[in-house]
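One structure is given here, and the rest of the page talks about it.
Number of protein chains: 2
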Amino acid sequence: MALAPVAAAPLSDQVYRRLLDAILADEFVEGILPSERDLAATFEVNRHAVREALKRLQQARLVEVSQGGSTKVLDYRTEGRLDLLADLLVRAGTVDWKVARSALEMRASIGADAAALCAARAPKTHKALLKVADAMDRHLDDLAALDADNVVFWTAIVEGSANLLYRLSLNTLLDGLRILDASLGDDSVFELAREEYRHVGELREVADAIGAGDAERARRAAYQHLRRTVTAAGG
Amino acid sequence: MALAPVAAAPLSDQVYRRLLDAILADEFVEGILPSERDLAATFEVNRHAVREALKRLQQARLVEVSQGGSTKVLDYRTEGRLDLLADLLVRAGTVDWKVARSALEMRASIGADAAALCAARAPKTHKALLKVADAMDRHLDDLAALDADNVVFWTAIVEGSANLLYRLSLNTLLDGLRILDASLGDDSVFELAREEYRHVGELREVADAIGAGDAERARRAAYQHLRRTVTAAGG
DNA sequence: TGACACAACTGGTACAACCAGTCAACCAGT
DNA sequence: ACTGGTTGACTGGTTGTACCAGTTGTGTCA
């Protein structure tokens, strides 16, 4: 019998999670949050725990607090930032596939541009990329290993692009992937990934183009490869 | 006479800022932060203020705190997320142009893809876009107005792309722009923008392609327009 | 030498108070 | 019908202190 560990998140994290869910579900009338003292009372925690949670919500641009006045909910579409991905992707235990599709589209766009930049700036990456592609070919049945290798492949390209923002975006997107993974378990939903991994040859093409320093070819190859998954996901 | 409001940031925000700067400047030996009590003592503030700041750093994936153990600095390249842009762009009062160039590259990539998606999904956006382009033509000498209109133009395209993540990325990028603006004042550095606005005709071309539902033409036109600024910035 | 126990850290939570803004209502004065 | 001042009941911001809980190093004892 496998007993899962009991989650022991700090109180402020739990409060953050609760408030976040309530905000995204638009549960506050007029978009006005109760006072910190009231929240502390209803959650039956100390006011400091509430304050720490509110500070995080504030940083995520989800609320606006002002001394003396009340704390208001902001529109995350116009105020929120990309880091919300992880929180928007899975809500109330169900995956928002529209958000997931958005993430795949973004991955394709940035992945393609990163490949082009990598070809222009770090064609030497080529060797490492081919090695990963070889490894992937060697275990086409091990989905977990393929996942890991795929991450290595694209991380190398993004590193080669010498674009810090692409690196950070990749982190954000991978974070979303992790959330998705945890939410779906080892479910069959990763048919998408499985299908993508059937085309390791295309990764090789990307690597070749990068090795040749041919930015446009690298871009096209990467875009074609990544875009297929978007289409498969209903884009 | 224009009187600017007096800045009165909460203590925890100031502590956050100080710690952030120290972290990005790699000022902590072995990447280990002093204890909360020590930080409170050195900053001469209450421990709660320090805790609120640390919660935010934790959320930004800049530090890892563990009860009983010490708080460690994480590598923002591998752990940080896109929201760091605003903090990385301007440090110690000077602009990091490498980061700025990265942002411009990302803008070009996402802007082009958003234009393509907009053409496919919301060709009707075309009308509003042309109206903005007209307005821009009408006041080619008013940089502030051009800036505002430009934001409206691209926001409309991103809305039309129906991609929530592009919307959030736009927010993040615009945030960076605001930071840049505030840091540089009305400085001459916005030669870049000025040059971009000399090509309002290209925006019209983007709008036309979108109106025609021609995704690839919209992508090419948008990319060409946005990419020029990247090149001008030394990309 | 190894296992255990303790002490001295660390972060996490709590209560109680007070400072400092906001807002609405009311009240002069103009 | 306005202006500005006053008041009181809210709001968030700050503080100090105490204690709980987990980690880590150290020293003792078998």
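Chain order of the listed sequences is D and G. If you count the first sequence from 1, position 53 lands on 53 in the working numbering, and the numbers rise without skipping. Count along the second sequence from 1, add 235, and you get the number used in the working numbering. Every residue gets a Cβ at the ideal spot worked out from N, C-alpha and C, and that includes glycine. Bear in mind that the values here come from a model prediction, so they are computed numbers and not experimental data.
Status (buried if at least 16 other CB within 10 Å, exposed otherwise) for residue i
{"i": "D384/G", "result": "buried"}
{"i": "E279/G", "result": "exposed"}
{"i": "N171/D", "result": "buried"}
{"i": "W97/D", "result": "exposed"}
{"i": "R56/D", "result": "buried"}
{"i": "T71/D", "result": "buried"}
{"i": "L164/D", "result": "buried"}
Residue i to residue j span [Cα, whole Å]
{"i": "V435/G", "j": "L39/D", "result": "51 Å"}
{"i": "V441/G", "j": "R51/D", "result": "46 Å"}
{"i": "M1/D", "j": "A232/D", "result": "Its pLDDT being 42, under 50, M1/D is placed unreliably by the model, and nothing is read from it."}
{"i": "D365/G", "j": "A133/D", "result": "According to the sequence displayed, residue 365/G carries Leu and not Asp. Approximately 46 Å between the Cα atoms of the pair."}
{"i": "A119/D", "j": "F263/G", "result": "36 Å"}
{"i": "A276/G", "j": "A53/D", "result": "23 Å"}
{"i": "L203/D", "j": "H225/D", "result": "8 Å"}
{"i": "S188/D", "j": "R101/D", "result": "Any reading at S188/D must be qualified, since the residue scores a pLDDT of 49, below 50, and its modelled position is unreliable; the value itself is stated next. Going by the C-alpha atoms only, they are around 17 Å apart."}
{"i": "L3/D", "j": "R413/G", "result": "At L3/D the pLDDT is 49, less than 50, meaning the model places this residue with poor confidence; the figure from the coordinates comes in the next sentence. So the two alpha carbons sit approximately 50 Å from each other."}
{"i": "Y432/G", "j": "D372/G", "result": "9 Å"}
{"i": "R312/G", "j": "G160/D", "result": "13 Å"}
{"i": "L254/G", "j": "L268/G", "result": "9 Å"}
{"i": "A243/G", "j": "R252/G", "result": "14 Å"}
{"i": "L381/G", "j": "V308/G", "result": "41 Å"}
{"i": "V99/D", "j": "L192/D", "result": "15 Å"}
{"i": "G31/D", "j": "L62/D", "result": "11 Å"}
{"i": "A370/G", "j": "P358/G", "result": "20 Å"}
{"i": "I110/D", "j": "D449/G", "result": "21 Å"}
{"i": "V250/G", "j": "D256/G", "result": "10 Å"}
{"i": "D416/G", "j": "A363/G", "result": "27 Å"}
{"i": "D75/D", "j": "P245/G", "result": "23 Å"}
{"i": "G93/D", "j": "V387/G", "result": "35 Å"}
{"i": "S270/G", "j": "S35/D", "result": "30 Å"}
{"i": "E314/G", "j": "E79/D", "result": "23 Å"}
Cβ shell of residue i (< 6 Å), same chain only, five flanking positions each side left out
{"i": "R452/G", "result": "A444"}
{"i": "R462/G", "result": "A343"}
{"i": "V230/D", "result": "L104, E105 and A108"}
{"i": "G162/D", "result": "Per the sequence presented here, residue 162/D reads as Ala, with Gly not at that position. Here the set comprises R121."}
{"i": "R402/G", "result": "V393"}
{"i": "S247/G", "result": "A284, E287 and A288"}
{"i": "A349/G", "result": "I392, V393, S396 and Y401"}
{"i": "A351/G", "result": "A450, A453 and R454"}
7 Å CB neighbourhood of residue i in its chain, flanking five on each side removed
{"i": "R411/G", "result": "What sits at residue 411/G in the sequence shown is Gly, not Arg. Contacts found: L320, A321, L324 and A338."}
{"i": "A112/D", "result": "R219, A222, Y223 and L226"}
{"i": "N281/G", "result": "A275"}
{"i": "G234/D", "result": "R101"}
Where the alpha helix (DSSP H) through residue i begins and ends
{"i": "F153/D", "result": "L143 to G160"}
{"i": "T125/D", "result": "T125 to R138"}
{"i": "S344/G", "result": "W332 to R356"}
{"i": "V206/D", "result": "V200 to G211"}
{"i": "I267/G", "result": "Careful: I267/G lies outside any alpha helix (DSSP H) and carries neither H nor E."}
{"i": "E196/D", "result": "E191 to Y197"}
{"i": "R454/G", "result": "A450 to A467"}
{"i": "T313/G", "result": "Y311 to E314"}
{"i": "G411/G", "result": "L399 to L419"}
{"i": "A53/D", "result": "R47 to Q59"}
{"i": "Q302/G", "result": "Run containing Q302/G: none; DSSP gives neither H nor E here."}
{"i": "A321/G", "result": "L320 to L324"}
{"i": "D13/D", "result": "L11 to L24"}
Cβ neighbours of residue i in the same chain (closer than 8 Å, five flanking residues each side left out)
{"i": "T306/D", "result": "Absent from the structure is residue 306/D, since the part of chain D shown begins at 1 and ends at 235."}
{"i": "Q234/G", "result": "Residue 234/G lies beyond the range of chain G shown here (236 to 470); nothing can be said about it."}
{"i": "E195/D", "result": "R228, T229 and A232"}
{"i": "R272/G", "result": "R282"}
Inter-residue CB distance, residue i and residue j (contact presumed, cutoff 8 Å)
{"i": "R91/D", "j": "L24/D", "result": "6 Å"}
{"i": "F425/G", "j": "L375/G", "result": "That pair is no contact at about 14 Å."}
{"i": "D261/G", "j": "A295/G", "result": "Their Cβ separation, rounded to whole angstroms, is 16 Å, which puts D261/G and A295/G out of contact at 8 Å."}
{"i": "G211/D", "j": "H126/D", "result": "3 Å"}
{"i": "V330/G", "j": "L419/G", "result": "7 Å"}
Residue i beta carbon near the ligand FAD (any heavy atom closer than 8 Å)
{"i": "A295/G", "result": "This structure lacks the ligand FAD, and indeed carries no ligand of any kind."}
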